[in-house]
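The opening position of the sequence shown corresponds to residue 3 in this note's numbering, with each subsequent residue numbered one higher. Virtual Cβ for every residue (Gly too), placed ideally from N, Cα, C.
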Amino acid sequence: MWCRIVAETTTEHRINDRIRAREVRLVDPDGVQLGIKALPEALAIAKELDLDLVEVAPMANPPVCRIMDFGKFKFDEAQRAKESRRKTVHVGIKEMKYRPKIGPGDFDTKTRQVGKFLNEGHKVKITIMFRGREVYHPEHGKRILDRIAEQMEGIAKIEAEPKLDNRNMIMVLAPDKRARQAAASRTANQHRGDRGPANESEAVEPDAVEPDAVEPVAAVSSEAAPAEENVITTTEEG
């Protein structure tokens, strides 16, 4: 006859009568250390305060126990864990595959999706897939990768430069938060500059001039002053 011993793996805090140590280092509800107490004495103090004795550091010698409202402690602990999960951003690597002879429509659709992934905080692996004799012209794939990197300028940076991997050419883009913030700041400043004065009170009034200080100006005949012509300059291409 034999008996299997199962090690206790739970991380649940021991409280009150479940505490096994003979003596504990006791901490009161305000965090003040009360010193090392025998377990019955620590339990009596907690009971007198109508609170629980909770083992918070079981590996210490002796274990550290604190007097607290265990129900409220568990609630606060769950809320902290929930908030921590909410703030956690799951960032991964997305992949987008292109062909060297991709059409303009497919290129625009795939590149928009690349931009969406980057804006969500993901890294993006761009793969150019060569087939047959296309592998002998890697410059076609490099040209596509350069176009993608150019369109992603301002929101992404090249983390891994284009390189050949068997029959594929690969480049990795990563979100560039600094470039995005700088671009947003430039756009905001441009909008503010284009608005001009918000109302009449912001317009600049001309300096007041005394009537007597204005010198008389001789009248000029309309025939003597040639009309100002608007000159339009055109540039021919080619």
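Using the C-alpha atoms, what's the distance from residue j back to residue i?
{"i": "residue 171", "j": "residue 84", "result": "42 Å"}
{"i": "residue 128", "j": "residue 134", "result": "20 Å"}
{"i": "residue 64", "j": "residue 17", "result": "15 Å"}
{"i": "residue 143", "j": "residue 101", "result": "8 Å"}
{"i": "residue 180", "j": "residue 126", "result": "18 Å"}
{"i": "residue 132", "j": "residue 88", "result": "41 Å"}
{"i": "residue 104", "j": "residue 81", "result": "50 Å"}
{"i": "residue 113", "j": "residue 187", "result": "24 Å"}
{"i": "residue 48", "j": "residue 29", "result": "10 Å"}
{"i": "residue 72", "j": "residue 33", "result": "15 Å"}
{"i": "residue 140", "j": "residue 165", "result": "10 Å"}
{"i": "residue 192", "j": "residue 74", "result": "52 Å"}
{"i": "residue 106", "j": "residue 167", "result": "25 Å"}
{"i": "residue 148", "j": "residue 62", "result": "59 Å"}
{"i": "residue 51", "j": "residue 35", "result": "16 Å"}
{"i": "residue 14", "j": "residue 76", "result": "10 Å"}
{"i": "residue 46", "j": "residue 86", "result": "36 Å"}
{"i": "residue 108", "j": "residue 194", "result": "37 Å"}
Is residue i near the ligand COA, with its Cβ less than 7 Å from a heavy atom?
{"i": "residue 112", "result": "Within the structure as shown, the ligand COA is missing, as the structure has no ligands at all."}
Please classify residue i: is it buried, with 16 or more other beta-carbons within 10 angstroms of its beta-carbon, or exposed?
{"i": "residue 78", "result": "exposed"}
{"i": "residue 19", "result": "exposed"}
{"i": "residue 163", "result": "exposed"}
{"i": "residue 130", "result": "buried"}
{"i": "residue 44", "result": "buried"}
{"i": "residue 173", "result": "buried"}
{"i": "residue 124", "result": "buried"}
Leaving aside the five residues before and after residue i along the sequence, list all residues of the same chain whose C-beta is less than 8 Å from its C-beta, in chain order.
{"i": "residue 137", "result": "169"}
{"i": "residue 22", "result": "16"}
{"i": "residue 153", "result": "113 and 117"}
{"i": "residue 38", "result": "25, 26, 27, 28 and 64"}
For residue i, which residues in the same chain have their Cβ closer than 7 Å to its Cβ, ignoring the five residues on either side in sequence?
{"i": "residue 70", "result": "31, 53, 54 and 56"}
{"i": "residue 204", "result": "Only weak support is given to the placement of residue 204: the predicted model assigns it a pLDDT of 46, under 50, and the question is left unresolved by the model."}
{"i": "residue 121", "result": "157"}
{"i": "residue 94", "result": "124"}
From the DSSP output, which residues share a beta bridge with residue i?
{"i": "residue 154", "result": "Residue 154 is not bridged to any residue."}
{"i": "residue 175", "result": "126 and 160"}
{"i": "residue 95", "result": "125"}
{"i": "residue 57", "result": "67"}
{"i": "residue 167", "result": "170"}
{"i": "residue 39", "result": "26"}
{"i": "residue 100", "result": "130"}
{"i": "residue 17", "result": "56"}
Could you name the residues of the same chain whose beta carbon sits closer than 6 Å to that of residue i, not counting the 5 residues immediately before and after it, in chain order?
{"i": "residue 178", "result": "158 and 159"}
{"i": "residue 66", "result": "27, 58 and 59"}
How about residue i and residue j: do their beta carbons lie closer than 8 Å?
{"i": "residue 68", "j": "residue 41", "result": "no"}
{"i": "residue 161", "j": "residue 175", "result": "yes"}
{"i": "residue 99", "j": "residue 119", "result": "no"}
{"i": "residue 116", "j": "residue 150", "result": "yes"}
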